[in-house]
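S.K.:
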Amino acid sequence: MDLEQLTGRYRRLKGELAAAYGVQPWPAGRIDRLAQEIAEAEQALFGGKAKPQRASRDGSQPAQVERHRITPFGQRTAEPAVK
Numbered sequence: 000m001d002l003e004q005l006t007g008r009y010r011r012l013k014g015e016l017a018a019a020y021g022v023q024p025w026p027a028g029r030i031d032r033l034a035q036e037i038a039e040a041e042q043a044l045f046g047g048k049a050k051p052q053r054a055s056r057d058g059s060q061p062a063q064v065e066r067h068r069i070t071p072f073g074q075r076t077a078e079p080a081v082k
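In numbering that gives the first Met the number 0, the protein residues as written are 0 to 82.
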């Protein structure tokens, strides 16, 4: 399956899952099956692959964004989130 097909399948499954949660009582077996299929699609999309880097507008390397961990009280720590 190519990336476009896999992405389409992932979106379709997410829509089906949202619809399943809208039914009362919840169809537990269907929800479990859809959650498993979504996990498999996510693994195929993102597992073992590096995240694609988007180039900046001028075509150069993407800008590095400084990120910080936030404590539960909203204060920054000295340790950066991404090294």
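Just so you know, even glycine gets a beta-carbon here, dropped at the ideal spot from N, CA and C. A quick note: this is a predicted structure, and the numbers were derived from the prediction, not measured.
1. Can you tell me where the alpha helix (DSSP H) with Gly46 in it begins and where it stops?
2. Is the closest heavy atom of the ligand ADP to the C-beta of Ala43 under 7 angstroms?
3. Using a threshold of 8 angstroms, state whether the C-beta atoms of Ile30 and Ala40 are closer than that.
4. So, with DSSP's three-state summary, where would you put Asp31?
5. So Leu16 packs on Leu33, CB below 8 angstroms; how close in whole Å?
M.R.: The answer reads as follows:
1. The count along the sequence shown starts at 1 and reaches residue 46 at position 47. Segment: none, Gly46 is in no alpha helix (DSSP H) and carries neither H nor E.
2. With respect to small molecules bound, the structure shown includes none, and the ligand ADP cannot be examined in it.
3. One-based indexing of the sequence shown puts residue 30 at position 31. One-based indexing of the sequence shown puts residue 40 at position 41. No. Outside cutoff.
4. Along the sequence shown, one-based indexing puts residue 31 at 32. It is helical.
5. The sequence position of residue 16 within the sequence shown is 17, counting from 1. The sequence position of residue 33 within the sequence shown is 34, counting from 1. The Cβ separation is near 4 angstroms, so the contact holds.
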